[in-house]
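Our numbering numbers the first residue of the sequence shown as 133 and each following residue consecutively. Don't be surprised by glycine CBs; every beta carbon is placed ideally from N, CA and C. To start, the structure under review is shown below, and the notes come after it.
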Amino acid sequence: MAQAAHITGIDLGSSVVRVVVAQVASGSDVPIILGVGKVEMDGMQKGVVSDVDDAVKSVSAALDMAERVAGVPIDRAYVSINGSHISSQNSRGVIAVSRADGEITEEDVDRVINAAQAVSLPSNREILHVLPQNFVVDGHEHIKDPVGMTGVRLEVETHMVDGSTPFIKNITKVINQSGVHIEDFVFSPLAAATAVLDKKQKELGVVLVDLGAGTSSLIVYEENMLLDTAVLPLGSAHVTNDIAIGLRTSIEVAEQIKKQYGTALAETVKKSESIMIDSESEQDSVSRKEVADIISARLDEIYSFVDKELKSIGRSGLLPAGVIFTGGGASLPGVIELAKNKLRLPAKVGTIKPLEGLSEQAGDPAYAVVVGLILWAMEQEKSTNRRRSRLHVPDIKVTVSRVRSWFKSFMP
Numbered sequence: 133m134a135q136a137a138h139i140t141g142i143d144l145g146s147s148v149v150r151v152v153v154a155q156v157a158s159g160s161d162v163p164i165i166l167g168v169g170k171v172e173m174d175g176m177q178k179g180v181v182s183d184v185d186d187a188v189k190s191v192s193a194a195l196d197m198a199e200r201v202a203g204v205p206i207d208r209a210y211v212s213i214n215g216s217h218i219s220s221q222n223s224r225g226v227i228a229v230s231r232a233d234g235e236i237t238e239e240d241v242d243r244v245i246n247a248a249q250a251v252s253l254p255s256n257r258e259i260l261h262v263l264p265q266n267f268v269v270d271g272h273e274h275i276k277d278p279v280g281m282t283g284v285r286l287e288v289e290t291h292m293v294d295g296s297t298p299f300i301k302n303i304t305k306v307i308n309q310s311g312v313h314i315e316d317f318v319f320s321p322l323a324a325a326t327a328v329l330d331k332k333q334k335e336l337g338v339v340l341v342d343l344g345a346g347t348s349s350l351i352v353y354e355e356n357m358l359l360d361t362a363v364l365p366l367g368s369a370h371v372t373n374d375i376a377i378g379l380r381t382s383i384e385v386a387e388q389i390k391k392q393y394g395t396a397l398a399e400t401v402k403k404s405e406s407i408m409i410d411s412e413s414e415q416d417s418v419s420r421k422e423v424a425d426i427i428s429a430r431l432d433e434i435y436s437f438v439d440k441e442l443k444s445i446g447r448s449g450l451l452p453a454g455v456i457f458t459g460g461g462a463s464l465p466g467v468i469e470l471a472k473n474k475l476r477l478p479a480k481v482g483t484i485k486p487l488e489g490l491s492e493q494a495g496d497p498a499y500a501v502v503v504g505l506i507l508w509a510m511e512q513e514k515s516t517n518r519r520r521s522r523l524h525v526p527d528i529k530v531t532v533s534r535v536r537s538w539f540k541s542f543m544p
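Okay, here's the thing in structure tokens:
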């Protein structure tokens with residue numbers, strides 16, 4: 133990055149679009165947040181574009197807001213991607229080391245990662261991330277960075293994230309029509325993890341759950357290695373819908389009730405407690421206990437999906453650093469306590485790493501993804517610079533690739 137470069141992150145949520153503009157001085161590891169934009173999102177459902185024009189209006193409004201505060205134009209950005217169209221799988225690549233003396237080069241690492249990508253995908257799907265989990269040199273496992281080592285056979289185990297090409301193209305169209313070029317897409321839980329998880333948590337074993345509106349997503353780490361990612365078909369908007377149906381009220385009133393009086397701990401609410409619904413079209417009294425029961429039931433279902441995913445990788449109740457929550461849904465009272473009981477793990481709301489200029493939003497888990505996009509971009513640049521520095525090593529040809537940059541951002 134040039135001196136005082138600017139990085140922009142755009143988090144496209146189903147209910148809200150958030151934009152953050154940051155300044156990064158040359159050689160600095162800490163960005164300065166210059167501007168933040170937040171607008172209600174129209175034209176998106178469960179991470180998928182449902183109306184291009186409405187989505188463009190929302191994104192453009194958030195960009196304008198961030199630009200005015202930051203005082204700099206926005207023409208490029210890192211963009212979050214999420215939704216039920218995202219899937220993941222593990223893949224393995226194997227190559228023979230190219231140099232006669234057996235020294236493993238950056239080029240070998242690129243080739244083995246490319247070999248891992250050689251999986252059969254339908255024509256309407258494309259790879260978003262190829263994330264190395266473990267390198268193996270001549271049968272020796274758990275190697276984080278094989279460059280410079282000597283061997284004959286190089287293998288890699290990767291976690292691959294892919295998405296629907298039509299859905300990705302629609303998101304691209306929305307961002308481009310808002311006047312912005314996409315630097316890269318980043319899967320939402322990867323970005324959130326960059327913003328809130330530390331090395332110790334990743335070493336011990338941790339699951340991050342991003343509670344979005346239309347969907348939730350998770351990412352699991354252990355021994356500083358990414359183990360698993362998944363998208364869950366439920367989010368906090370489903371809680372709102374349940375309240376609206378249960379109380380026979382509008383979505384707007386249900387959302388207000390959830391934010392002002394909602395809790396996931398139904399057992400802490402007395403049956404005698406009531407809530408007065410007071411809006412332009414209705415005025416009535418409802419039981420707060422009933423609201424809590426509705427919220428608890430839906431969150432219990434979400435946690436069942438989380439636990440099912442953890443069971444599939446043999447980590448149910450077995451992650452010492454517990455579960456870390458991000459996303460707007462993480463602010464609902466009782467979310468943590470219910471999770472501790474249901475998932476049998478320590479639980480807490482994720483705390484965004486301290487950044488200058490982010491004091492107002494620092495305690496809001498809904499900003500984890502968009503801040504993580506900024507930090508992700510910085511890791512990309514640092515990784516590229518490290519690769520360039522190796523150009524001075526004799527006889528090693530370095531091909532700078534985005535996949536390799538992703539790898540370095542995940543390795544301590």
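Continuous beta strand (DSSP E) assignments of at least 3 residues falling wholly in the stretch 164-198:
Taken in chain order, the complete beta strand (DSSP E) segments of 3 or more residues contained in the stretch 164-198 are 164-172.
Rounded separation between aspartate 143 and proline 321 - CA only = Near 11 Å, if we compare the C-alpha coordinates of proline 321 and aspartate 143.
* By DSSP, does lysine 474 sit in helix, in strand, or in coil? -> The answer is helix: DSSP assigns lysine 474 an H, G or I state.
_Pop quiz: alanine 398 and aspartate 425 are said to be a contact at Cβ under 8 Å. What is the actual Cβ separation, rounded to whole angstroms?_
Confirmed, Cβ separation roughly 5 Å.
*Report yes if the C-beta of valine 162 is less than 6 Å from at least one heavy atom of the ligand COA; otherwise report no.*
The model on display carries no ligand, and the ligand COA is accordingly not part of it.
Kindly indicate which three-state DSSP category arginine 231 falls into: helix, strand or coil?
In this structure, arginine 231 counts as coil in the three-state DSSP scheme.
TODO: Check leucine 451 in the structure and name its three-state DSSP category.
DONE: Leucine 451 falls in the coil class under three-state DSSP.
### Message
Taking the alpha carbon of arginine 231 as the reference point, which residue from Ile383, Gly280, Val180, Asp439 has its own alpha carbon closest?
### Response
Each of Ile383, Gly280, Val180, Asp439 was checked against the Cα of arginine 231, and the nearest Cα belongs to Gly280.
#### Entry: contact_flag[the stretch 317-331, the stretch 497-509] where n(CB pairs < 8 Å) is 3 or more
With the cut-off at 8 Å, the stretch 317-331 and the stretch 497-509 touch.
- prompt: Quick one: Cα of alanine 471 to Cα of glycine 141, how far?
  reply: The straight-line gap separating the alpha-carbon atoms of alanine 471 and glycine 141 is approximately 30 Å.
- Task: Below 7 Å CB to CB, which residues in the same chain sit around arginine 476 once its five sequence neighbours on both sides are set aside?
- Result: Taken in chain order, the residues that qualify are Gly449.
Only counting the same chain, and skipping five residues up and downstream in sequence, which positions put a Cβ closer than 7 Å to that of valine 418?
Contacts found: Leu379, Ser406, Ile407, Ile409.
| query | If you draw a straight line from the C-alpha of leucine 295 to the C-alpha of lysine 402, how long is it? | reply | Just to set this straight, residue 295 is glycine in the shown sequence, not leucine. Glycine 295 and lysine 402: Cα-Cα distance of roughly 46 Å.
- request: Could you spell out where the beta strand (DSSP E) holding threonine 140 opens and where it closes?
  value: Taken as a continuous stretch (DSSP letters only), the beta strand (DSSP E) holding threonine 140 covers 137-144.
**Local conformation of isoleucine 206 per DSSP, three classes** = For isoleucine 206, the secondary structure class from DSSP, reduced to helix, strand or coil, is coil.
- [ ] Tell me whether the beta-carbon of phenylalanine 299 lies closer than 7 Å to the beta-carbon of leucine 260.
- [x] Annotated as distal: phenylalanine 299 and leucine 260, with beta-carbon spacing of 7 Å or more.
- Item | Three-state secondary structure assigned by DSSP to histidine 370 | DSSP places histidine 370 in helix when its eight states are reduced to three.
Three-state secondary structure (DSSP) of glutamine 493 = Three-state DSSP puts glutamine 493 in coil, outside helix and strand.
Check for me: the beta strand (DSSP E) holding serine 436 runs from which residue to which?
Per DSSP, serine 436 belongs to no beta strand (DSSP E); it is in the alpha helix (DSSP H), 420-444.
Here's the rule I'm using: 16 or more other beta-carbon atoms within 10 Å means buried, otherwise exposed. How should lysine 440 be labelled?
When all chains shown are included, lysine 440 counts as exposed.
**Request:** Specify, as a first and last residue, the run of the beta strand (DSSP E) that proline 547 falls within.
**Result:** Since the displayed the chain opens at 133 and closes at 544, residue 547 lies outside it and no answer follows.
Is threonine 381 buried or exposed, if buried means 16 or more other CB atoms sit within 10 Å of its CB?
Threonine 381 should be labelled buried.
Within 10 Å of its beta-carbon, does glutamate 273 have 16 or more other beta-carbons around it, so buried, or fewer, so exposed? The residue is exposed, with fewer than 16 neighbouring Cβ atoms inside 10 Å.
TODO: Classify leucine 286 as helix, strand or coil using the three-state DSSP reduction.
DONE: Leucine 286 falls in the strand class under three-state DSSP.
>> So if DSSP puts isoleucine 409 in a beta bridge, which residue, or which two residues, is it bridged to?
In response: Its beta-bridge partners are Asp416.
Take serine 223 and list the residues in its own chain whose beta-carbon comes closer than 6 Å to its own, dropping the five residues that flank it on each side.
-> Result list for serine 223: Ala248, Val251, Thr290, Met292, in chain order.
Check whether the Cβ atoms of lysine 178 and serine 216 lie closer than 7 Å to each other.
Cβ distance < 7 Å, so lysine 178 and serine 216 count as in contact.
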